[in-house]
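22 is the number of the first residue of the sequence shown in the working numbering; add one for each residue after it.
First the structure, in the form of structure tokens, and then the observations on it.
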Amino acid sequence: MTEIAYIDDNKDCLLVVQKAFHEVGIKIDIYDDPIQFYHIKKQYKLIISDFDMPNLNGQDFLKLIRERHPGVKTIIYSGMVEEIKDLNLDIDSFLSKPSQFESLLKIAKFLLYEYNNENKLKA
Numbered sequence: 022m023t024e025i026a027y028i029d030d031n032k033d034c035l036l037v038v039q040k041a042f043h044e045v046g047i048k049i050d051i052y053d054d055p056i057q058f059y060h061i062k063k064q065y066k067l068i069i070s071d072f073d074m075p076n077l078n079g080q081d082f083l084k085l086i087r088e089r090h091p092g093v094k095t096i097i098y099s100g101m102v103e104e105i106k107d108l109n110l111d112i113d114s115f116l117s118k119p120s121q122f123e124s125l126l127k128i129a130k131f132l133l134y135e136y137n138n139e140n141k142l143k144a
């Protein structure tokens, strides 16, 4: 079961991140359009997203995601550090591009662990 989705309009970045996760045995679904992703009915535990995307900016995208999937964990993975740091975003983590993939993997694993623990308590 795929637990992670990554949304980024940069297809090269999508493929590099997907490969990095795959190399450590983690399957990740990739999407190059936030609107296309929003209409997918699949549930994810973790959503990794770029912030600066055409069609739908990261802030509006996150609001839509939180409405549809209130418990989902989120990571913003973007090069827009200055633009994002002053926004009051409801996110679990932020990593600037380009970051070491080890950092992204470590944070993703932690957030999946946290998600699973939170949902065990609800059950």
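In this text, a Cβ means the ideal position worked out from N, Cα and C, and glycines have one as well.
As the structure is a prediction and not an experimental result, all values here were calculated from the model.
Q.
Whole angstroms are fine: how far does the CA of D30 sit from the CA of D157?
A. Here the chain has residues from 22 to 144 only, and residue 157 is not among them.
Going by DSSP, which residues form a beta bridge with F115?
In the DSSP assignment, F115 is bridged to I97.
With L110 as the anchor, note down where its alpha helix (DSSP H) starts and where it stops. Element bounds for L110: n/a, residue is neither H nor E.
Check: Smallest Cα separation from M101: which of P119, Y59, N137?
Finding: Ranked by how close their Cα comes to the Cα of M101, the residues P119, Y59, N137 have P119 in first place.
Within the same chain, show all residues whose beta-carbon is closer than 8 Å to that of V45, passing over the 5 residues directly before and after it, in chain order. L126
query: Can you list the alpha helix (DSSP H) stretches of 4 or more residues lying completely in the region 54 to 87, in chain order?
result: 55 to 59
- Under the assumption that I105 contacts S114 (Cβ atoms under 8 Å), give the Cβ distance between them as a whole number of angstroms. The pair is not a contact, with the Cβ atoms about 12 Å apart (cut-off 8 Å).
Between the alpha carbons of R99 and F72, how many angstroms are there, rounded? The sequence shown places Ser at residue 99, rather than the Arg named in the question. Rounded to the nearest angstrom, the two C-alpha atoms are 6 Å apart.
In this structure, how does DSSP classify D50 when only helix, strand and coil are distinguished? strand
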